[in-house]
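Shown next, in structure tokens, is the structure this report addresses.
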Amino acid sequence: MMRAVIFDVGECLVDETAEWGAWADWLGVPRHTFSAVFGTVVARGGDWREVFEEFRPGFDLGAAWEEREAAGLPQTVTEEDLYPDVRDTLATLRADGLWLGIAANQNARAGRYLRELFASDVDLIGLSDDWGTAKPDPAFFARLTSLVPAEPHEMLYVGDRLDNDIRPAAAAGLHTALVRRGPWATVQWRDKEAEKTPTFRLESLLELSGLIRHFNERAH
0 MMRAVIFDVG ECLVDETAEW GAWADWLGVP RHTFSAVFGT VVARGGDWRE
50 VFEEFRPGFD LGAAWEEREA AGLPQTVTEE DLYPDVRDTL ATLRADGLWL
100 GIAANQNARA GRYLRELFAS DVDLIGLSDD WGTAKPDPAF FARLTSLVPA
150 EPHEMLYVGD RLDNDIRPAA AAGLHTALVR RGPWATVQWR DKEAEKTPTF
200 RLESLLELSG LIRHFNERAH
């Protein structure tokens with residue numbers, strides 16, 4: 000029986016195209032070049048921070064965020080950045096009686112915007128900056144499961160990455176859903192583990208309500 004659904008943020012709820020484009024512009028790199036290097040890093044299983052190192056060795060991400068903010072180009076998350084299926088999905092799942100949460104690797108800057116966007120839609124917004132632990136560390140999911148009023152096997156974690164979302168959430172005893180969008184899901188979609196591990200594989204978040212309802216009916 001699934002009673003709670005928890006969402007990742009980047010490339011799950013939020014389309015990060017604008018933010019990555021802003022970084023390319025900040026670095027003075029053509030956007031298509033930045034995207035090509037980004038894709039190479041993802042394909043080899045590297046950390047996204049390595050992309051910056053390719054263009055600027057010794058890159059200090061924290062300092063760069065401060066510089067962007069001082070220059071009037073802060074990191075933002077707006078309604079326009081949300082994937083088109085997000086609002087209807089949250090409303091439908093809430094109407095279905097499910098407990099809803101957001102738990103993701105996000106900094107305090109993004110957190111301010113996420114709370115403005117989703118405070119009335121979900122029961123929990125948990126961020127790595129607040130918790131002092133980040134995915135895929137098991138401590139992140141231990142903190143998450145301690146805050147959700149359900150057992151781990153009654154929770155569904157929805158994300159776009161096999162390595163950061165699906166694998167560690169499943170290891171923590173949660174059901175998982177892999178949504179096919181963004182660079183990681185696109186690259187990892189046909190991986191054997193990505194085919195076998197998730198409870199659900201989604202083309203759209205709008206599929207969740209029906210899938211969960213069918214799962215819960217079978218669980219009775």
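0 is the number of the first residue of the sequence shown in numbering that gives the first Met the number 0; add one for each residue after it.
Heads up, the beta-carbon is just placed ideally off N, CA and C, and yes, glycines get one too.
Problem set entry | Close-in-space but distant-in-sequence residues of the same chain around THR198 (CB under 8 Å, 5 per side omitted) | LEU155, HIS174, THR175, ALA176 and PHE214
Exercise. Does DSSP classify GLY96 as helix, strand or coil?
Worked result: Look at GLY96 here: in three-state DSSP terms it is coil, with no helix or strand label.
Problem set entry | chain B contact for ASP136 (CB, 8 Å cutoff) | Here there is only one protein chain, and chain B is not present.
Exercise. Which residue from ARG93, THR144 and ASP159 puts its Cα closest to that of HIS152?
Worked result: THR144
For this session: Using the Cα positions of LEU60 and GLY27, report the straight-line distance between them to the nearest angstrom.
Result: Computed Cα separation, rounded: 15 Å.
For this session: Go through its chain and collect everything with a Cβ distance to ALA273's Cβ below 8 Å, but skip five positions before and after it.
Result: With the chain covering only 0 through 219, there is no way to say anything about residue 273.
Problem set entry | Bounding residues of the beta strand (DSSP E) (the contiguous stretch that carries HIS174) | 174-178
For this session: Give me the Cα-Cα distance between LEU201 and GLY181, rounded to the nearest whole angstrom.
Result: Those two C-alpha atoms are separated by around 13 Å.
For this session: Could you check the C-alpha separation between SER127 and LYS134 for me, to the nearest Å?
Result: 8 Å
Exercise. How about the stretch 46-61 and the stretch 85-96: do they share at least three Cβ pairs that are nearer than 8 Å?
Worked result: no
Problem set entry | At least 3 beta-carbon pairs within less than 8 Å: the stretch 28-43 vs the stretch 70-82 | Judged by Cβ distances under 8 Å, the stretch 28-43 makes no contact with the stretch 70-82, as fewer than three pairs qualify.
Exercise. Start and end of the beta strand (DSSP E) containing ILE5?
Worked result: For ILE5, the enclosing beta strand (DSSP E) begins and ends at 3-6.
Problem set entry | Helix, strand or coil at VAL147 according to DSSP, with G and I counted as helix | VAL147: coil per DSSP, three-state reduction.
For this session: Could you pull out every unbroken alpha helix (DSSP H) segment of at least 4 residues lying fully inside the stretch 52-119, listed in chain order?
Result: Within the stretch 52-119, the runs of alpha helix (DSSP H) at least 4 residues long that lie entirely inside it are, in chain order, 60-69, 85-94 and 107-117.
Problem set entry | ARG212 (DSSP reduced to helix, strand or coil) | helix
Exercise. Skipping 5 residues on each side, what residues in its chain have a beta carbon closer than 6 Å to that of ARG179?
Worked result: TRP188 and GLU202
Exercise. Nearest CA to the CA of LEU123: which residue from MET0, MET1 and PHE6?
Worked result: PHE6
Problem set entry | For PRO137 and PRO167, the rounded distance between their alpha carbons | The alpha-carbon atoms of PRO167 and PRO137 are separated by roughly 7 Å.
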